[in-house]
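Below is one structure, written out as structure tokens, with a few remarks after it.
Protein chains in written order, with our numbering: chain F, -15 to 235; chain H, 155 to 378.
See below:
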């Protein structure tokens, strides 16, 4: 007997997304999908709306119109518990945003205890495992002020990872780091990719995009100008705007 | 020198009025304690309500806060104690003093706590909310612990300044330190009881100031 596999829904689907801040339209109709285990890179000049797009994906920013679906669930729908959905969407910020009054382990376990409802012991076990994945189990008792930028960002990744998200959003995760610390964060992201994590990344790390991304999206002025495999988009961009941006970057 | 001692530190008057001054100390401590607890709790509560950003509610809070910060506490004490009985509400003097000073402290504390809440970076909210924490959980676990730490020094100063106003109880007959001291002074015709009152305030408030300084260092953490 033959079983027909269900048509695989993308993990994350964005449809006709628009976002205005006052009179300024930052996103002007974005369509995007991210499949399971895919690493999608978003590049584009500053002000192109790429961070806003990412922040609309977990409704940190409220879209003006359009739809965001995660695993088939409409994030904009009235009945959707956005806090429950956010558990499944890990987010990593440019400025790390670790809680300064908590240890690394405290940062990682807070949502496990208060959102996922784990006991302290369970949360600590899961939290230590997450810190171990980013290579920082030894720093569990450290406060953010005692960690380097790269270590802080890895704790922030562990904080998102501990909740076992189905997709992770990275908003310029290495832009605030000293150059010598960037590598450690990218190494963790590479490992996540290898482990099959679905990732949507806004970043200027072109070499990383070339090596690790499945697909690269170029955005400008609130629209997706062009998308394709890294080799395609970096090697032979079709659109003049893409070409100009990439030329500027590799100059 | 002798005249100075006779005026401010007359031994037999010290012995005679010590019990009444001590009763005043107890009364002052009772009122001060009640004011600190009520004022700080109410102030924090108002700051929390304000963080929900409901416009008409916030307007009411701002009106309350500005009024009680602008009016001299003595004016409010007199208005409540001598004014309200005319409309059939009469509150005992002890309660008037407690209520008025609590509201004044709450007004100042709200403003300080609110400034503390605003000073917590937006990224802290976003990081917490992105893990699925609710607004209230984020406020309780992430924002308030940081905001309260930042506000320990100004809150201590303000709390000391306002609890010292328990001395206003004198004008409406609350038997606190200053009341006891001034009546003893008029009976004895000597400033010794007033000096005893002054010393009582010092003994009472120096530890509070020291506690504030201790909390400041205890709660400080290095910022990354």
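Virtual Cβ for every residue (Gly too), placed ideally from N, Cα, C.
Being a predicted model, the structure only gives us computed values, none of them experimental.
(request) Given a cut-off of 9 Å, decide if residue 154/F and residue 187/F are closer than it, judged by their beta-carbon atoms. (result) For the purposes of this step, residue 187/F is taken as the residue at position 203 of the first chain. For the purposes of this step, residue 154/F is taken as the residue at position 170 of the first chain. Inclusion of residue 187/F and residue 154/F in the CB contact set at 9 Å is warranted, their separation being smaller than that value.
(message) Please classify residue 157/F as buried or exposed, where buried requires at least 16 neighbouring CB atoms within 10 angstroms.
(response) Start at 1 with the first residue of the first chain, and residue 157/F comes out as number 173. Counting other Cβ atoms within 10 Å of its Cβ, residue 157/F reaches 16 or more and is therefore classed as buried.
(message) Taking the straight line between their C-alpha atoms, what separation do you get for residue 123/F and residue 87/F?
(response) If you number the first chain from 1, residue 123/F lands on position 139. If you number the first chain from 1, residue 87/F lands on position 103. Roughly 9 Å separates the two Cα atoms.
(request) Would you mind telling me which residues of chain F sit closer than 9 Å to residue 271/H, beta carbon to beta carbon, in chain order? (result) To locate residue 271/H, count along the second chain from 1; it is residue 117. Neighbours of residue 271/H in chain F, taken as residues at a C-beta separation under 9 Å, are lacking, since the least C-beta distance is about 14 Å.
(request) Could you tell me how far apart the beta carbons of residue 18/F and residue 170/F are, in whole angstroms, since I believe they sit closer than 8 Å? (result) On the first chain, residue 18/F is found 34 positions in, with the first residue counted as 1. On the first chain, residue 170/F is found 186 positions in, with the first residue counted as 1. Contact between residue 18/F and residue 170/F is ruled out by a C-beta separation of about 19 Å, above the 8 Å threshold.
(request) For the beta strand (DSSP E) holding residue 245/H, just list the boundary residues, first then last. (result) Taking the first residue of the second chain as 1, we reach residue 245/H at position 91. Annotation for residue 245/H: no beta strand (DSSP E) segment contains it, and DSSP assigns it neither H nor E.
(request) Determine whether the Cβ of residue 112/F lies closer than 9 Å to any Cβ atom of chain H. (result) The residue labelled residue 112/F in the question sits at position 128 within the first chain. Interface flag for residue 112/F against chain H is unset, since no Cβ pair is found closer than 9 Å.
(request) Work out the CA separation of residue 229/H and residue 182/H for me, nearest whole Å. (result) Residue 182/H sits at position 28 when you count from the first residue of the second chain. Residue 229/H sits at position 75 when you count from the first residue of the second chain. About 20 Å.
(message) Taking 9 Å as the threshold (beta carbon to beta carbon), is residue 117/F in contact with chain H?
(response) Counting from one through the first chain, the residue named residue 117/F turns up at place 133. Residue 117/F does not count as touching chain H.
(request) Please name the residue or residues paired with residue 74/F in a DSSP beta bridge. (result) Against the first chain, residue 74/F aligns to sequence position 90. Its beta-bridge partners are 152/F.
(request) Check whether the Cβ atoms of residue 177/F and residue 38/F lie closer than 9 Å to each other. (result) To locate residue 177/F, count along the first chain from 1; it is residue 193. To locate residue 38/F, count along the first chain from 1; it is residue 54. For residue 177/F and residue 38/F, no; Cβs fall outside 9 Å.
(request) Determine the chain F residues that contact residue 299/H at a beta-carbon separation under 7 Å, and present them in chain order. (result) Along the second chain, read from residue 1 onward, the residue named residue 299/H stands at position 145. By Cβ distance, chain F contributes 85.
(request) To the nearest angstrom, report how far apart residue 10/F and residue 319/H are at their CA atoms. (result) Taking the first chain and counting its residues from 1, the one referred to as residue 10/F is at position 26. Taking the second chain and counting its residues from 1, the one referred to as residue 319/H is at position 165. Each residue's alpha carbon lies about 55 Å from the other.
(message) For the region 356 to 368 of chain H against the region 303 to 323 of chain H, do three or more pairs of beta-carbon atoms, one drawn from each stretch, fall closer than 8 Å, so that the two count as touching?
(response) A contact exists between the region 356 to 368 of chain H and the region 303 to 323 of chain H.
(message) So for residue 182/F, helix, strand or coil by DSSP?
(response) Taking the first residue of the first chain as position 1, residue 182/F is located at position 198. Note: residue 182/F maps to coil in three-state DSSP.
(message) With distance defined between alpha-carbon atoms, name the residue in 351/H, 362/H and 370/H nearest to residue 175/H.
(response) Looking up residue 175/H in the second chain gives position 21. The shortest C-alpha separation from residue 175/H is found at 351/H.
(request) Could you tell me the distance, in whole angstroms, from the CA atom of residue 201/F to the CA atom of residue 172/F? (result) Translated into the one-based positions of the first chain, residue 201/F becomes position 217. Translated into the one-based positions of the first chain, residue 172/F becomes position 188. Between the alpha carbons of residue 201/F and residue 172/F lies a distance of about 22 Å.
(request) Using three-state DSSP, classify residue 376/H as helix, strand or coil. (result) Translated into positions along the second chain, residue 376/H becomes position 222. Low confidence applies to residue 376/H: its pLDDT is 45, below 50, so where it sits in the model is not reliable enough to give any reading.
(request) Determine the extent of the beta strand (DSSP E) in which residue 51/F is found, giving its start and end residues. (result) Taking the first residue of the first chain as 1, we reach residue 51/F at position 67. Run containing residue 51/F: 49 to 54, per the beta strand (DSSP E) assignment.
(request) Give me whichever residues DSSP pairs with residue 3/F in a beta bridge. (result) Residue 3/F sits at position 19 when you count from the first residue of the first chain. Bridge partners of residue 3/F: 11/F.
(message) With a threshold of 6 Å on Cβ separation, who are the neighbours of residue 20/F within its own chain once the five nearest residues in sequence on each side are excluded?
(response) Taking the first residue of the first chain as position 1, residue 20/F is located at position 36. Contacts found: -5 and 182.
(request) For residue 136/F, count neighbouring Cβ atoms within 10 angstroms of its own Cβ and tell me buried if that reaches 16, exposed if not. (result) Locating residue 136/F in the first chain gives position 152, counting from the first residue. Residue 136/F comes out buried.
(request) Run down chain B in chain order and give the residues with a C-beta less than 8 Å from the C-beta of residue 278/H. (result) Chain labels in this structure do not include chain B; the protein chains are F and H.
(request) Specify, as a first and last residue, the run of the beta strand (DSSP E) that residue 195/F falls within. (result) For the purposes of this step, residue 195/F is taken as the residue at position 211 of the first chain. Element bounds for residue 195/F: not the beta strand (DSSP E) but the alpha helix (DSSP H), 190 to 196.
(request) Let me know the secondary structure DSSP gives residue 123/F once reduced to three states. (result) Mapped onto the first chain, residue 123/F falls at position 139. In the structure shown, residue 123/F sits in a helix (DSSP, three-state: H, G or I).
(request) Say whether chain F places a C-beta atom closer than 9 Å to the C-beta of residue 378/H. (result) Position 224 of the second chain holds residue 378/H. Legend: pLDDT at residue 378/H = 35, less than 50; position of this residue unreliable, value from coordinates given subsequently. Yes, its Cβ sits closer than 9 Å to a Cβ of chain F.
(request) Return the bridge partner residues of residue 173/F from the DSSP annotation. (result) Residue numbering aside, residue 173/F sits at position 189 when the first chain is read from its first letter. Answer by DSSP bridge pairing: none, since residue 173/F is not bridged.
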